Every structure is written in C-alpha cells, then in structure tokens.
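Right under this line is the structure:
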C-alpha cells in the first residue's frame, strides 16, 4: 500500500518556468490538499479538493493552479515560477475534509532561481 | 498574532527525561486538535489526536485547556528516537475544513 505518492522529489526551476507537481493516493480518500512549508513557518494550505470534481483556495493560492483529475490524483501547477515559491511542497489526503487524520506524501523540494 | 503558536525550541534533554510542550491557539471556535511529528526532511505524521478529557498513548499524554486555549504534549521516558519536530495542529473553526499548523517545536534527545 503506497499511500500518498508525490513526484518529483526535487526540482530546480528558473524564474518564469512552469511545472506541475503530481500527487496520487491509493487509500480511496475523498479529500486532497497541497501545502507548502517554509523555514520557521507552519505548513500553509495552498489549495484543497474536498471531493472529486471540486477545488477551493486555501491560505496562499496566488501563483498556483490545481486539477483534481480523478479521485486518486490531485496536481499542482506553477504557471510562471517565482523565487518566492521556493519551498517544500507536500500533498496530503484524508477520508473526509474536516477533523480527519491527514496522510502526507514525502514532499517536493522546489528551488526557483 | 499567529493562529497557532509554539515555542520553536530546541528542547535538549537526556534520555529518560520527561519533557512537555505547549501550544496556544487563537480561534475559540476550534474543535479539533492534533499533534503531528515531523522528522528532518520528512513528511509530517499524526502522533495523536487531542481530546477534551485528555488522552494518553504509551509514553505520550496530550491535554486540552479550552478556557486558556492551549494544548500540551508530555513525553515521558524520552528515547533517542523521539528526536523530531512536533507540530501542533488546530482546525480553523466549528465547520472549517482548514487545519492550521504551528511552526513546530524541535526536540533533541541526547544519550
């Protein structure tokens, strides 16, 4: 049972480049999330998807877009990367949206030069 | 004021020690509380939920004080393997989807 699989693990971009972070879960969870983690700060929610077919903005959505491709997959896209988007990105999932244990992927270390 | 505040530490304790962390939260409507553990360069993992009456899981005890809006985590008989960052997590309100993460308290357990 793989849980939450996130790719890539590392990525270096130049300012202005675009990329998509992929996330898939095999636990039949309804809700999926994208967080970013910066030094000295807690994880901050970028976007979430309460269920297949829905997506909503979190705390820090600017500069990102998401796609809930199906129940298993939730991707995060940076259309024009900026140095401020240098961070560690975590995908997570839960059975329902609220008050539930989150299962996290292993993270993507992204550097934007 | 941050929505969830934690002392960043590090707390440096010898093996076998008892150590406690506190976390304060600002939203009195928060209903759900958790402690997550995060090892260096790894993903967070749920350590335990925090219930109103307090709860214990082996060497770990979590307590909630709604009146003062803080939760605590007590670790007894610390092990080297307990070295990690402990994240306090609170939901954003009665019907909120949002989980708010503290920036974490780092624990170092030395031999």
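Chains as they are written, first to last, in our numbering: chain A, 8 to 120; chain Y, 147 to 257.
We treat Cβ as the ideally placed atom computed from N, Cα and C, and that holds for glycine.
In this text, all values refer to a predicted model and were calculated from it rather than measured experimentally.
| Query | Result |
| --- | --- |
| Can you give the Cα-Cα distance for residue 181(Y) and residue 100(A), rounded to whole angstroms? | 17 Å |
| Would you mind stating whether residue 39(A) and residue 56(A) have Cβ atoms separated by less than 8 Å? | yes |
| Apart from the five residues just before and just after residue 162(Y), which ones in its own chain have a Cβ nearer than 7 Å to its Cβ? | 223, 224 |
| Give the residues of chain A in contact with residue 176(Y), contact being defined as C-beta atoms less than 7 Å apart. | Those within 7 Å of residue 176(Y) in chain A number zero; the least Cβ separation is about 10 Å. |
| Only counting the same chain, and skipping five residues up and downstream in sequence, which positions put a Cβ closer than 7 Å to that of residue 108(A)? | 101 |
| In chain A, which residues lie less than 8 Å from residue 190(Y) when you measure between Cβ atoms? | 50, 97, 109, 111 |
| Could you confirm whether any beta carbon from chain A is found closer than 8 Å to the beta carbon of residue 247(Y)? | yes |
| Might you give, ordered along the chain, the residues of its own chain that have their beta carbon closer than 6 Å to the beta carbon of residue 27(A), omitting 5 neighbours on each side? | 82, 84 |
| From residue 209(Y) to residue 165(Y), what distance separates their C-alpha atoms? | 14 Å |
| Can you have a look at residue 226(Y) and say buried or exposed, based on whether 16 or more other CB atoms are within 10 angstroms of its CB? | exposed |
| List the residues of chain Y that residue 47(A) touches, going by C-beta distances under 7 Å, in chain order. | 249 |
| CB residue 94(A) to CB residue 43(A), shorter than 8 Å? | yes |
| Mapping the DSSP letters down to three states, classify residue 63(A) as helix, strand or coil. | strand |
| Measuring only the C-alpha atoms, how far is residue 185(Y) from residue 179(Y)? | 20 Å |
| To the nearest angstrom, how far is it from the Cα of residue 53(A) to the Cα of residue 63(A)? | 9 Å |
| If you draw a straight line from the C-alpha of residue 16(A) to the C-alpha of residue 50(A), how long is it? | 17 Å |
| Look at residue 18(A) and residue 30(A) and say whether their C-beta atoms are less than 8 Å apart. | no |
| Under DSSP, the beta strand (DSSP E) around residue 202(Y) begins and ends at which residues? | 201-203 |
| For residue 121(A), which residues of its own chain have a beta-carbon under 7 Å away from its beta-carbon, when the five flanking residues on both sides are left out? | With chain A covering only 8 through 120, there is no way to say anything about residue 121(A). |
| Are the C-beta of residue 225(Y) and some C-beta of chain A separated by less than 8 Å? | no |
| At which residues does the beta strand (DSSP E) containing residue 152(Y) begin and terminate? | 150-152 |
| Could you list which residues in chain A have their beta carbon closer than 7 Å to that of residue 150(Y), in chain order? | 49 |
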